[in-house]
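First to last, the sequence lines map onto chains A and B.
Residues 6 to 250 (this note's numbering) make up the first sequence, in order.
Residues 6 to 250 (this note's numbering) make up the second sequence, in order.
Protein chains: 2
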Amino acid sequence: MARYKLIIEYDGSGFVGWQRQENGFAVQQALEEAIEAFSGETPRVFGAGRTDSGVHALAQVGHFDLLRETTTDTVRDAMNYHLRDVPAAILQARIVDEEFHSRFSATGRSYTYRITNRRAPLTIEKGRSWWVPVKLDAEAMHEAAQVLVGKHDFSSFRATVCQSDSPVKTLNKLEVERDGEHILIHAQARSFLHHQVRNFAGSLKKVGEGKWTAEDLKACLEARDRRAAGQTAPPDGLYLTGVSY
Amino acid sequence: MARYKLIIEYDGSGFVGWQRQENGFAVQQALEEAIEAFSGETPRVFGAGRTDSGVHALAQVGHFDLLRETTTDTVRDAMNYHLRDVPAAILQARIVDEEFHSRFSATGRSYTYRITNRRAPLTIEKGRSWWVPVKLDAEAMHEAAQVLVGKHDFSSFRATVCQSDSPVKTLNKLEVERDGEHILIHAQARSFLHHQVRNFAGSLKKVGEGKWTAEDLKACLEARDRRAAGQTAPPDGLYLTGVSY
């Protein structure tokens, strides 16, 4: 037996999300079908982060086992061959220790939320960014974001369906930068609550518009109530950019 | 009467190209329908460059006339409203002198050709870049590209269907740079032959792979024969990035 660690890129708009579901095509299913197609085996693929429908990944991490060991080049190339009509690709395959678990061994996850801040609607970036036509102040967003960094009860930024045991998480980084007409929000933590980054983006937008101050964002955090925060930003702008171990 | 100059962005994969055709939906048609929808008038829209099917624009320029003058904000916002289900958007609208012609007044056109140079197939960038899995040497491509700069007979890089009066053009700039896993080819000239930039990209790929030297590229140029050059690179990677007047 061999355990394989995969680094996976996908366009989330082509899937119902990471996790296998009844109602559509999931990334997990696409990968499992590709593995079966080249190996004849039917292992489960475990992912580091269960991204929602429409959420993209530049470097999702997954793992699976094969009874008949094969080379990592074969795994990568054969999976990519069978994924050719699907917007998912294997960037890297490696053999790892059988103690490795893509989800439980992870020590950090990084996400970037991308906003296109301009008056004209999106064309080439449609489905790949959140269109916000109202002018946003990225510096004010960055400064306010710092009140969220650290160990907090993030109930205000947690989806009602969130399955996490606790709303307390430690946010290591939340940085906002402007890059031309784009605003990028970079978030890093050991783990996140369901919709946490999208809820950060929705509330930071209020700061960027001048509707909220950093104090308002702090009050929102301290309310520990989802109703206190801004909207959940659309999945289009969210990218899982890396997982550390 | 007022003449409007538009700066237009579009995702070329949603169109049969710039120019109105029998066999599908063209950018020109989309814009003309949007103008008619808000103004009731049916002017022709003239474009600076007749991009092919699949070719994108970050800043195409067009112009049209309205009998009943309206504000440029109205033109931009009303057109974007009517283009909401179409992957084209008006970035800017301005009133210009009636001597202005988007095509004939243009003094320069800039294109960027984008290659994704990695082993894994494309997912998020599918249709937006040319996937080249073989490792390319961007520096060698840049050096060789300089033999094409200047005034030359570019018959070797001209599509057979090209309607230009002469194959002689002056190429002002042809720069190749690597940006992570991407290779960008920037081309600037007063005007280009049909498929010229895509044919440059196809031949520069041969240099990047080490199959051609700069000397081979020079010989190809001097052959003045389309059969001497490399393949026509796919439209996916080509972006019209600007037009100068």
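Just so it is clear, CB atoms sit at the ideal spot from N, CA and C, and this is done for glycine as well.
This one's a predicted model, so the numbers in the text were calculated from it and none came from an experiment.
Against chain B, with Cβ distances strictly below 8 Å, would residue i count as a contact?
i: A:H187; result: no
i: A:H61; result: yes
i: A:I100; result: no
i: A:L36; result: no
i: A:N28; result: no
i: A:R133; result: yes
i: A:Y15; result: yes
i: A:I129; result: yes
i: A:A93; result: yes
i: A:L96; result: yes
i: A:A125; result: yes
Please identify the residue among the options whose C-alpha is closest to the C-alpha of residue i.
i: B:E182; options: B:F20, B:P138, B:F30, B:Y118; result: B:Y118
i: A:I188; options: A:T121, A:H157, A:A31; result: A:T121
i: A:S110; options: A:S196, A:T165, A:R25; result: A:S196
i: A:P48; options: A:V21, A:A7, A:S18, A:E148; result: A:A7
i: A:M146; options: A:V248, A:G17, A:D16, A:G215; result: A:G215
i: A:S44; options: A:E14, A:Y86, A:N28, A:I13; result: A:Y86
i: A:Q97; options: A:G22, A:E14, A:E103, A:P126; result: A:E14
i: A:P172; options: A:I12, A:P126, A:T79, A:E227; result: A:E227
i: A:C225; options: A:L141, A:V137, A:V152; result: A:V152
i: B:L88; options: B:D184, B:G185, B:A233, B:G19; result: B:G19
i: B:E238; options: B:K210, B:L141, B:R232, B:T79; result: For the record, residue 238 of chain B in the displayed sequence is Ala; it is not Glu. Nearest of B:K210, B:L141, B:R232, B:T79 to B:A238, Cα basis: B:K210.
i: B:F205; options: B:E180, B:Q26, B:E186, B:D184; result: B:E180
i: B:A259; options: B:E27, B:K174, B:A143, B:G132; result: Residue 259 of chain B lies beyond the range of chain B shown here (6 to 250); nothing can be said about it.
i: B:L176; options: B:V166, B:T165, B:H191, B:G185; result: B:H191
i: A:E165; options: A:R232, A:T77, A:D184; result: Checking the sequence, you will find Thr at residue 165 of chain A rather than Glu. The shortest Cα separation from A:T165 among A:R232, A:T77, A:D184 belongs to A:R232.
i: A:D16; options: A:L63, A:M84, A:T79, A:R81; result: A:L63
i: B:E186; options: B:V21, B:V80, B:A125, B:E46; result: B:A125
Starting from the C-beta of residue i, find all residues in its chain whose C-beta is less than 8 Å away, skip the five residues before and the five after it, and write them out in chain order.
i: A:F51; result: G67, H68, F69, H106, S107, R108
i: B:S169; result: R163, S196, L198, H199
i: A:V253; result: Coverage of chain A is limited to positions 6 through 250, which leaves residue 253 of chain A absent and any answer about it impossible.
i: A:L141; result: I120, N122, I188, K210, G213, E214
i: B:N28; result: V21
i: B:E46; result: I40, L71, L72, R73
Spell out whether any CB of chain A is found under 8 Å from the CB atom of residue i.
i: B:N122; result: no
i: B:H199; result: no
i: B:T76; result: no
i: B:N177; result: no
i: B:P239; result: no
i: B:A42; result: no
i: B:R203; result: no
i: B:R89; result: yes
Please report the Cβ distance between residue i and residue j, rounded to the nearest whole angstrom; I am assuming they are in contact, meaning their Cβ atoms lie under 8 Å.
i: B:Y9; j: B:I100; result: 6 Å
i: B:A149; j: B:V212; result: 4 Å
i: B:L245; j: B:Q65; result: 5 Å
i: A:P138; j: A:R123; result: 7 Å
Give every residue of the same chain whose Cβ lies closer than 6 Å to the Cβ of residue i, excluding the five residues on either side of it in the sequence, and list them in chain order.
i: A:Q236; result: G207
i: B:P240; result: D57, G59, V60
i: A:K178; result: Q193
i: B:L11; result: G67, I95, A98
i: A:A53; result: V66, S107, R108, A111, V248
i: A:W217; result: K211
i: B:D102; result: none
i: B:A234; result: S161, F162, N204, S208, C225
Just to confirm my understanding: we take residue i, look at its own chain, exclude 5 residues before and 5 after, and list those with CB closer than 7 Å. What are they?
i: A:Q24; result: A31, Q33, R55
i: A:D230; result: S160, S161
i: A:L127; result: T121, S134, W136
i: A:E130; result: T121
i: B:K156; result: V173, T175
i: A:Q201; result: F159, F162, R163
Using a Cβ-Cβ distance under 8 Å, would residue i count as near chain D?
i: B:A149; result: Among the protein chains of the structure shown, namely A and B, there is no chain D.
Exercise. Quick check: the stretch 37-51 of chain B against the stretch 84-100 of chain B, are there 3 or more CB pairs under 8 Å?
Worked result: yes
For this session: Indicate whether the contact test is met: 3 or more Cβ pairs, each with one atom in the stretch 71-89 of chain B and one in the stretch 21-33 of chain B, closer than 8 Å.
Result: no
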